[in-house]
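Residue numbers (this note's numbering): 371 to 548.
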């Protein structure tokens with residue numbers, strides 16, 4: 371049996387929950403078994419699937435950059451003089467920070483915008499973000515396997531879109547921004 375909720379508790383979130391059978395709850399009247407959210411919680415999906423990469427960050431990041439350079443060969447020269455092991459570690463730390471901050475975007479927005487502004491100096495262009503997103507999704511699909519469901523795919527697309535929009539906004543605010 372799942373989690374039980376009283377009618378009063380269910381009234382607080384009408385339509386937001388997928389319910390199972392109705393049951394009698396001693397001294398509380400009736401309630402229902404909570405099965406899931408009616409709509410997937412994209413933040414929870416992204417955070418929980420990112421946790422599954424724990425212990426494989428290096429391998430994941432290496433695959434991500436391999437896919438990025440295959441999808442966008444013009445991006446590879448931007449990394450010509452970069453220590454890729456350090457870059458991969460930095461990518462995963464930034465992803466971890468961003469994903470961990472999804473529950474409260476307000477403090478994350480200025481950080482993302484600063485990051486976007488810094489990337490202008492590295493030669494990043496707004497058009498690169500599409501390939502970055504595609505490489506990220508392909509890497510996630512490989513590393514999550516059957517857990518990379520259509521719902522997870524859509525959640526990551528939505529979250530990456532949000533993060534990328536803020537970084538692009540920061541790049542356009544930067545001196546010589548795109």
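Heads up, the beta-carbon is just placed ideally off N, CA and C, and yes, glycines get one too.
{"Query": "Enumerate, from N- to C-terminal direction, the unbroken alpha helix (DSSP H) stretches of 4 or more residues contained entirely within the region 487-542.", "Result": "498-514"}
{"Query": "In terms of alpha-carbon separation, which member of 516, 501 and 540 lies closest to residue 442?", "Result": "501"}
{"Query": "Can you look up residue 440 in the DSSP assignment and give me helix, strand or coil?", "Result": "helix"}
{"Query": "Work out the CA separation of residue 460 and residue 454 for me, nearest whole Å.", "Result": "9 Å"}
{"Query": "Buried or exposed: where does residue 540 fall if 16 or more other Cβ atoms within 10 Å of its Cβ makes it buried?", "Result": "buried"}
{"Query": "Assign residue 470 to one of two classes, buried (16 or more other C-beta atoms within 10 Å of its C-beta) or exposed (fewer than that).", "Result": "exposed"}
{"Query": "Thinking C-beta only, is residue 509 closer than 8 Å to residue 434?", "Result": "yes"}
{"Query": "What three-state label does DSSP hand residue 319 in the structure shown?", "Result": "For residue 319 there is no data in the structure shown, the boundaries of the chain being 371 and 548."}
{"Query": "Within the 8 Å Cβ cut-off, does residue 498 reach chain D?", "Result": "Here there is only one protein chain, and chain D is not present."}
{"Query": "Tell me whether residue 415 is buried or exposed, calling it buried when 16 or more other Cβ atoms sit within 10 Å of its Cβ.", "Result": "buried"}
{"Query": "Report the rounded CA-to-CA distance for residue 477 versus residue 489, giving the unit in angstroms.", "Result": "19 Å"}
{"Query": "For residue 505, does the count of other Cβ atoms within 10 angstroms reach 16, so buried, or fall short, so exposed?", "Result": "buried"}
{"Query": "Which same chain residues, not among the five before or five after residue 458, have their C-beta less than 7 Å away from its C-beta?", "Result": "428, 431, 432 and 435"}
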